[in-house]
Structure formats: C-alpha cells, structure tokens
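Residue numbers (this note's numbering): 187 to 614.
Heads up, the beta-carbon is just placed ideally off N, CA and C, and yes, glycines get one too.
Below is one structure, written out as structure tokens; comments come after it.
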Amino acid sequence: MLDMKLVRSNPELVKENIKKKFQDEKLPLVDEVLALDEKFRASKARGDELRQQRNQISKEIGKLMGQGKKDEAQEVKKRVQAIAGELEEMERQEEEMTREIRKRMLVIPNIIDPSVPIGKDDSENVEVERFGEPTVPDFQVPYHTEIMERFAGIDLDSARKTSGNGFYYLLGDIARLHSAVLSYARDFMIGKGFTYCIPPYMIHANVVEGVMSQTDMDAMMYKIEGEDLYLIGTSEHSMIGKFIDTILTEDQLPQTLTSYSPCFRKEKGAHGIEERGVYRIHQFEKQEMIVVCKPEDAMDWYEKMWRYSVELFRSMDIPVRQLECCSGDLADLKVKSCDIEAWSPRQKKYFEVCSCSNLGDAQARRLGIRIKGKEGNTFAHTLNNTVVAPPRMLIAFLENNLQADGSVKIPAPLRPYMGGTEVLLPKK
C-alpha cells in the first residue's frame with residue numbers, strides 16, 4: 187500500500203506506474219482516492235473547528251451555572267447537543283471514507299524499481315544469467331512421474347480417491363529424497379545465518395490482507411469454513427505476519443528467518459491440474475527465506491537471497507538461470523522480483539523453482555511493521571524467496587541426476603540426509 191503523501195504530492199507518478207504495469211483500468215482509482223482524501227481532510231478540519239466551539243461553549247455553560255443562570259445555561263446546552271450530533275454524523279462519514287480510501291489504496295500497485303524491465307506478461311521476462319551447463323543426455327528422460335514410479339515412489343491413483351486431483355502419495359526412496367532435500371535446504375540456510383522457524387499454518391484474514399493482494403488471495407487461499415482462518419499458501423504469509431503491529435529497533439535488524447511449512451493453494455485457473463504429475467498441486471512443502479530490514483539494505487538482501495537459491499541448486503548438480511520479472515508480471519505489492527528456473531533435460535527448457543521478491547514497505551504499511559530510528563519511526567522493508575519447494579523441485583533433481591541405467595545419483599551434500607546413499611536404484 188502506497189504512502190498517501192506520495193499519492194497527494196505526485197499522482198502522475200502513481201498513474202505512470204499503473205501504466206507500466208498495463209493496468210490502465212486502475213487509473214481512475216487515483217483520482218477517486220484524491221477526491222475522497224480531500225473530502226476527508228475537509229471533514230477533519232470542520233470537526234476540529236466544532237470541537238473547539240464545543241470546548242468554548244462548555245466553558246460558557248460553566249460560567250453561567252456559576253452565576254446561577256440555569257435557564258440560560260440550558261439554552262446554551264442545546265447548542266452543544268447540536269454540535270455533538272453533527273460531530274457524530276461526521277465521524278460516521280469519516281469512518282466510511284477511511285474504508286473507501288483503504289479499499290482503493292489496497293488495489294493501487296506498489297511503485298516498481300526503475301531497473302524492472304517493462305513488459306505485459308511473463309512472456310516478456312528477461313533472462314539475466316545462467317549458472318551451470320544445460321545438457322541433454324543421449325538417452326531418453328522419462329516424464330517425472332514415470333521416474334518416480336520406477337522407484338515405487340508415487341501413488342496418484344490412491345490420492346485421487348482420498349482427495350481428488352492435485353494431490354499425491356510419495357513413498358519409499360522418493361519420499362525420503364523429498365524430506366532429505368528439505369532438511370538439506372534448512373541447514374543450508376542456517377549456515378547462511380538465518381534462524382530456523384516453524385510457523386502457524388493458518389492465519390487471520392487481516393494478516394492475509396496484509397501480505398498479499400486481493401486478486402492473489404482469491405486465486406490461492408483456502409478459507410476454513412466458519413472461522414476467521416485461512417490455510418497458508420506459503421510460510422511467507424505467517425512469517426511476515428509474525429511482525430504485525432511491531433516496532434523494531436535498528437539493532438534488531440535485519441530479521442533473517444528460514445521457515446518450513448506445508449503449503450495449500452487453490453491454483454485457481456491453473457492449467458494442467460488434471461494431468462498426472464506433481465508440478466502444479468494443491469498441497470506441497472517448502473523451505474522459505476524471509477528478511478525484514480532497513481529500507482537502505484533491501485536491495486543488497488535481494489541480491490544475496492536469489493544467489494543463495496542458485497548456490498543451493500548448483501550444489502545438487504542442477505543447472506539454473508535467473509529470469510528478471512517484467513512490470514506486467516509483478517504482483518501488485520512487489521517492487522522487484524526474479525525467478526530462478528531449473529533446467530529440464532526432458533523438456534529441453536527451464537522452469538520456475540524459486541521466486542525472489544522485494545516488496546519494499548508495502549507489507550509493512552499494511553501490517554504496521556515499523557523501525558524506531560533516531561529521527562522517528564519508518565516502515566520496514568520485507569523480502570522473501572523460495573529455498574526449495576518439493577515435490578516440484580524433485581522434478582529438476584530427478585531429471586538432472588538420472589543415469590542411463592535408470593538409477594539416480596545423489597550429490598555429495600545430500601548424502602548425509604540419505605543415510606550415506608550415493609545412488610538410488612530403481613525397483614522396476
């Protein structure tokens with residue numbers, strides 16, 4: 187959510203930013219906010235004037251009562267009552283205007299960083315750098331569920347019976363590999379100085395509103411019927427929510443946390459949810475990293491965070507690339523974002539496995555996360571990035587570590603989490 191002072195002082199900048207995101211339908215919102223804000227401030231000024239009058243009249247009533255002029259005092263009291271009625275109505279209108287302003291401000295997108303490439307959608311995202319050599323083996327790489335089935339490692343048919351499409355059972359070596367990757371990712375981030383955390387998996391509606399846009403909320407979140415609770419789509423939601431209405435001192439920053447959680451997503455409008463596979467699913471597990479920091483440190487952390495993802499994937503012999511998200515592909519709260527995409531030897535292309543985002547002070551403004559400084563309070567900046575999100579990440583792992591004989595090699599850093607196993611041998 188933008189600073190109202192910015193909208194007042196530079197509405198053209200806000201409108202230009204909306205155009206860069208190809209959301210011209212939101213342009214009228216800026217003028218609507220300005221009109222409501224002007225009316226609100228006029229009402230506040232009139233309210234202050236009325237309160238001052240009420241105070242003066244109250245003194246007059248006291249003086250009349252002290253002089254024994256009760257009848258005159260009663261007549262003056264009628265003026266106080268009239269003022270009280272007008273103030274009550276004004277306060278009701280101000281509350282309504284506040285709600286209307288906030289409703290619009292929540293929809294107006296955050297100001298993007300000048301370095302963000304301008305483009306309409308993800309087809310115009312820009313490749314920045316590749317890490318590792320993408321190779322295609324001289325043998326056929328099967329579809330990822332076929333690889334898992336060779337290890338008796340997945341059961342989608344039973345999951346469809348218990349839960350429907352978009353769910354899965356992982357078994358045996360594949361299930362163990364899934365857990366090993368998460369444990370390795372956890373320790374990898376702890377080694378980078380992050381504090382490990384297991385957060386709540388359900389959050390209140392006001393936290394949901396604080397961490398994401400209404401559009402994303404409708405497309406992603408599962409609501410618990412009859413409760414003010416939503417299942418989290420990523421642990422970023424509850425991790426940023428941890429700091430709601432908090433004032434942090436500068437020596438408490440940065441807050442660097444790495445969190446494990448299951449994640450639940452509707453995947454509303456997603457393509458391929460009916461297909462076999464675990465690429466786009468309703469339930470998965472993820473290791474996340476989040477940072478709460480001073481505004482001037484945010485871009486440095488952004489750079490560090492996406493590079494941590496590259497380092498982790500390369501340690502498992504998976505080639506990756508960094509893809510800069512263009513303006514039209516940025517969620518409304520984001521200042522800057524990039525995807526880390528892993529190489530798929532079977533598809534002969536890259537696909538997303540991590541998403542790193544700098545959200546500026548958007549979440550902090552919505553949730554009231556402040557920094558106490560020498561010259562007063564400022565809003566913190568927040569960032570998040572995926573460490574790993576199996577089972578999608580397993581697709582990249584299995585395809586890139588598959589051998590010609592059908593076995594899967596386990597890279598050295600992962601072996602301690604697999605009981606020292608160096609190679610997985612298929613059962614079929």
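Check: Pull up the distance between the alpha-carbon of Lys187 and that of Pro448, whole angstroms please.; Outcome: Strictly speaking, residue 187 in this sequence is Met, with Lys absent from that position. Distance between the alpha carbons of Met187 and Pro448 is about 28 Å.
Check: Is Phe537 closer than 8 Å to Ser530 when the C-beta atoms are compared?; Outcome: yes
Check: Per DSSP, what kind of secondary structure is Asp299 in: helix, strand or coil?; Outcome: coil
Check: Going by the CB atoms, is the gap between Asp518 and Ser399 shorter than 8 Å?; Outcome: yes
Check: If you check the beta carbons only, do Asn296 and Val521 fall under 8 Å apart?; Outcome: yes
Check: I'd like the list of long-range same chain contacts for Ser513, defined as Cβ closer than 8 Å, with 5 residues on each side in sequence excluded.; Outcome: Lys206, Lys207, Phe208, Ile298, Val302, Pro303, Ile304 and Gly305
Check: By alpha-carbon positions, which one of Thr284, Trp492 and Lys534 ends up nearest to Ser523?; Outcome: Trp492
Check: Am I right that Val478 and Leu439 are in contact with their C-beta atoms under 8 Å? What's the rounded C-beta distance?; Outcome: 7 Å
Check: Spell out the partners DSSP gives Thr444 in its beta bridges.; Outcome: Tyr382 and Met475
Check: Among the candidates Ser424, Leu363 and Phe450, whose CA atom is the shortest distance from the CA of Thr622?; Outcome: Residue 622 lies beyond the residue range present for the chain, which begins at 187 and ends at 614; the question has no answer from this structure.
Check: What do you reckon, are the CB atoms on Val573 and Thr442 nearer than 8 Å?; Outcome: no
Check: Among the candidates Leu220, Arg227 and Gly559, whose CA atom is the shortest distance from the CA of Lys480?; Outcome: Gly559
Check: With a CB to CB cut of under 8 Å and the five nearest residues on each side skipped, what residues in its chain are close to Lys452?; Outcome: Ala405, Met406, Met407, Tyr408 and His468
Check: Could you spell out the range, first to last residue, of the alpha helix (DSSP H) harbouring Ala405?; Outcome: Gln400 to Met406
Check: Any idea what DSSP makes of Tyr416, helix, strand or coil?; Outcome: strand
Check: Can you tell me the Cβ-Cβ gap for Leu368 and Glu471, rounded? I've got them flagged as a contact below 8 Å.; Outcome: 6 Å
Check: Residues in its own chain within less than 8 Å of Val506 by CB, not counting five upstream and five downstream?; Outcome: Arg316, Phe317, Gly318, Ser495, Val496, Phe499, Arg500, Ile526, Glu527, Ala528, Trp529, Tyr536 and Val539
Check: Check Phe470 in the structure and name its three-state DSSP category.; Outcome: strand
Check: Residue range of the alpha helix (DSSP H) that Leu368 falls in?; Outcome: Gly358 to Gly377
Check: Would you kindly report the start and end of the unbroken beta strand (DSSP E) that includes Gln508?; Outcome: Val506 to Glu510
Check: According to DSSP, is Thr572 helix, strand or coil?; Outcome: strand
Check: Tell me which residues share the same chain as Ile504 and place their Cβ nearer than 6 Å to its Cβ, disregarding the 5 neighbours each side in the sequence.; Outcome: Ala528, Ala582 and Asn586
Check: Considering only residues of the same chain and omitting the five flanking positions on each side of Ala181, which have a CB-CB separation below 8 Å?; Outcome: For the chain, the structure presents residues 187 to 614; residue 181 sits outside this window and is missing.
Check: Taking only the alpha-carbon atoms, compute the straight-line gap between Asp223 and Met283 and give it to the nearest angstrom.; Outcome: 8 Å
Check: Rounded to a whole number of angstroms, what is the C-alpha to C-alpha distance between Leu415 and Ser424?; Outcome: 12 Å
Check: Taking the C-alpha atoms as reference points, what is the distance between Val200 and Val216?; Outcome: 8 Å
Check: Pick helix, strand or coil for Lys520, following the three-state DSSP scheme.; Outcome: coil
Check: Rounded to whole angstroms, how far is the Cβ of Ile555 from the Cβ of Phe429, which I believe are closer than 8 Å?; Outcome: 5 Å
Check: Would you kindly check if the distance between the Cβ of Leu584 and the Cβ of His330 is under 8 Å?; Outcome: yes
Check: Determine the DSSP secondary structure at Gly514, reduced to helix, strand or coil.; Outcome: helix
Check: Excluding the 5 residues preceding and the 5 following Cys383 in the sequence, name in chain order all residues of the same chain whose CB lies nearer than 6 Å to its CB.; Outcome: Leu443 and Ser445
Check: Strictly by DSSP, which residues pair up with Ile555?; Outcome: Thr432
Check: Measure the C-alpha to C-alpha separation of Phe226 and Glu280 and round it to an integer number of angstroms.; Outcome: 6 Å
Check: Kindly give me the distance between the Cβ atoms of Ile418 and Met388, rounded to whole angstroms, as I take these residues to be in contact under 8 Å.; Outcome: 7 Å
Check: With respect to the beta strand (DSSP E) encompassing Ser543, which residues constitute its N-terminal and C-terminal limits?; Outcome: Lys535 to Asn544
Check: Assuming Gln549 and Thr568 make a contact with CB atoms under 8 Å, what is their CB distance in whole Å?; Outcome: 5 Å
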